[in-house]
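Have a look at the structure below, then the notes.
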Amino acid sequence: MVIGFPFYLQFSFYVFPLVNLEYDCINYLLRKWSVKVIEKFKIEINEKIYNLNLKRKISNKHTYLRIKSKDLLEISSHIFFTKKDAVNLVNKQEKWIEKKVKIFLQEEENKDTYLLYGKRYEKQNLSLEDIENIYRNETKKLIPILVEKFSGIMKLYPSSIKYRKNKRTWGSCNYKNGLNFNILLTQFPIEVIEYVVIHELAHIKHKNHSKAFWKLVQKYCNDYKQREKLLKSFL
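Final position of the sequence shown in our numbering is 241; the numbers increase by one with none missing.
Written as structure tokens, this is what we have:
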């Protein structure tokens, strides 16, 4: 005990510096742990060699596998995710990786062209905005014709038709029976676009994907599974 100091002041003198030291240590560790630990190595999938970047960070709660290029994979995960874990994940997702790499290569090959009704055309001097306007104009011309045709056949009539660019859906039907169509639809063959129209018209009667819904779709589009497969192959 220090002579001449009250007890509570002596307690403050010895305890508070320790508290500050602990606070500084925690801050240091948090800063240290927030830094990504990157490990680079090669991995083989069906006789093809890929470069793999493994990024580990203590704040990461989930694990993500990304295709960065035709021969570069990236895994982001927590600090305890090992190289062995990375290899196991890649082996487990082998088919998915090959599919995504194939799409990546196709995009690279087709970067100077654009699709219209399932056929490829040279971009020439067209900008992305020009191509988008082509899709928008073609979609707005075609969809009303198809909706009128299949509405008459199916006896299902939408309250409205709207168009927008959408990254997730090609068409939708709201609770008021209004139909929305993606302006990029006209990149697909006409039979695929017809399927999307029939699909959305069927939602006027069935607001779900029940057996009754698919039975109705099949009634007016017997090969809808093949058309849906073709639709997904263009994604």
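Virtual Cβ for every residue (Gly too), placed ideally from N, Cα, C.
Because the structure is a prediction, the values reported are computed rather than measured.
query                                                                                                                                   : result
8 angstroms Cβ cutoff met for glutamate 200 and leucine 152                                                                             : yes
Reference threonine 175; option with closest CA among Ile159, His205 and Ala92                                                          : His205
Straight-line gap, serine 5 to phenylalanine 110 (C-alpha atoms, nearest Å)                                                             : No information on residue 5 is available, as it lies outside the stretch 7 to 241 that the chain covers here.
Neighbourhood of asparagine 131 by C-beta distance below 8 angstroms, restricted to the same chain and skipping five residues each side : none
Threonine 145, enclosing alpha helix (DSSP H) - first and last residue                                                                  : 134-160
Option in Cys227, Thr119 and Asn57 with minimal Cα separation from leucine 134                                                          : Thr119
DSSP state of phenylalanine 120 mapped onto helix, strand, coil                                                                         : First, the residue type needs correcting, since residue 120 is tyrosine and not phenylalanine in the sequence shown. Tyrosine 120 falls in the strand class under three-state DSSP.
Straight-line gap, serine 83 to glutamate 197 (C-alpha atoms, nearest Å)                                                                : 43 angstroms
Delimiting residues of the beta strand (DSSP E) encompassing asparagine 180                                                             : Segment: none, asparagine 180 is in no beta strand (DSSP E) and carries neither H nor E.
Beta-carbon proximity check, lysine 101 vs isoleucine 73, cutoff 8 angstroms                                                            : no
Limits of the beta strand (DSSP E) - the one that lysine 89 falls within                                                                : From DSSP, lysine 89 is part of no beta strand (DSSP E) but of the alpha helix (DSSP H) over 89-98.
Identity of the residues DSSP links to leucine 185 by a beta bridge                                                                     : Ile167 and Cys179
Leucine 236 versus asparagine 228: straight-line alpha-carbon distance, rounded                                                         : 15 angstroms
Rounded C-alpha distance that separates isoleucine 49 from leucine 58                                                                   : 7 angstroms
C-alpha distance - isoleucine 64 paired with glutamate 45, whole-angstrom precision                                                     : 15 angstroms
Threonine 88 to lysine 231 span [Cα, whole Å]                                                                                           : 41 angstroms
Presumed contact (8 angstroms Cβ cut-off) between alanine 218 and histidine 209, rounded CB distance                                    : With a Cβ gap of about 12 angstroms, alanine 218 and histidine 209 do not count as contacting.
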